[in-house]
Amino acid sequence: VSGLALVRGGEVTATTAVTGVTFRALDDTLLDWYVALGEWEGRAGGYAIQLAGAALVRSVEGDYANVVGLPVCALVDLWPEVLNMAHR
């Protein structure tokens, strides 16, 4: 779950985005390989789906970009409101 909020002059427009991630069966060999890469370090979710962490994932339901870090589809849905706020 990610959230976006637009604020201008005390006016707030907000939304959320929900994306489901299903992981593969994770055996010790796969986990040891991924941990050894060090790619997981500093990642909010503990893996990087846009890099080698994709090998851990079976499927994504929803906005892939939301899993990476920015809910692009939700932002696009809010874009008309961004334009309205800019012209007020």
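Just so we're on the same page, the working numbering is the position in the sequence shown counted from 1, plus 326. Cβ atoms here follow ideal geometry from the backbone N, Cα and C, with glycine treated the same way. These figures come from a predicted structure and were not determined experimentally.
Where do the N-terminal and C-terminal ends of the beta strand (DSSP E) with residue i fall, by residue?
| i | result |
| --- | --- |
| Leu-356 | Element bounds for Leu-356: not the beta strand (DSSP E) but the alpha helix (DSSP H), 354-363. |
| Val-327 | Per DSSP, Val-327 belongs to no beta strand (DSSP E) and is neither H nor E. |
| Ala-381 | It is not in any beta strand (DSSP E) - Ala-381 carries neither H nor E in the DSSP assignment. |
Which whole-angstrom value is the C-beta distance of residue i and residue j, which I expect to be below 8 Å?
| i | j | result |
| --- | --- | --- |
| Leu-377 | Glu-365 | 6 Å |
Relative to the C-alpha of residue i, which candidate in the options has its C-alpha closest?
| i | options | result |
| --- | --- | --- |
| Thr-348 | Val-398, Asp-389 and Leu-382 | Leu-382 |
| Val-338 | Gly-329, Tyr-360, Leu-396 and Thr-345 | Gly-329 |
What residue does the alpha helix (DSSP H) around residue i start on, and which one ends it?
| i | result |
| --- | --- |
| Glu-407 | 398-412 |
| Val-347 | Element bounds for Val-347: not the alpha helix (DSSP H) but the beta strand (DSSP E), 346-349. |
What number of angstroms, rounded off, separates the C-alpha of residue i from the C-alpha of residue j?
| i | j | result |
| --- | --- | --- |
| Met-411 | Ala-391 | 25 Å |
| Glu-407 | Glu-387 | 26 Å |
| Ala-351 | Arg-384 | 9 Å |
| Arg-414 | Glu-367 | 43 Å |
| Asp-358 | Gly-335 | 50 Å |
For residue i, list the residues DSSP reports as bridge partners.
| i | result |
| --- | --- |
| Arg-334 | Glu-337 |
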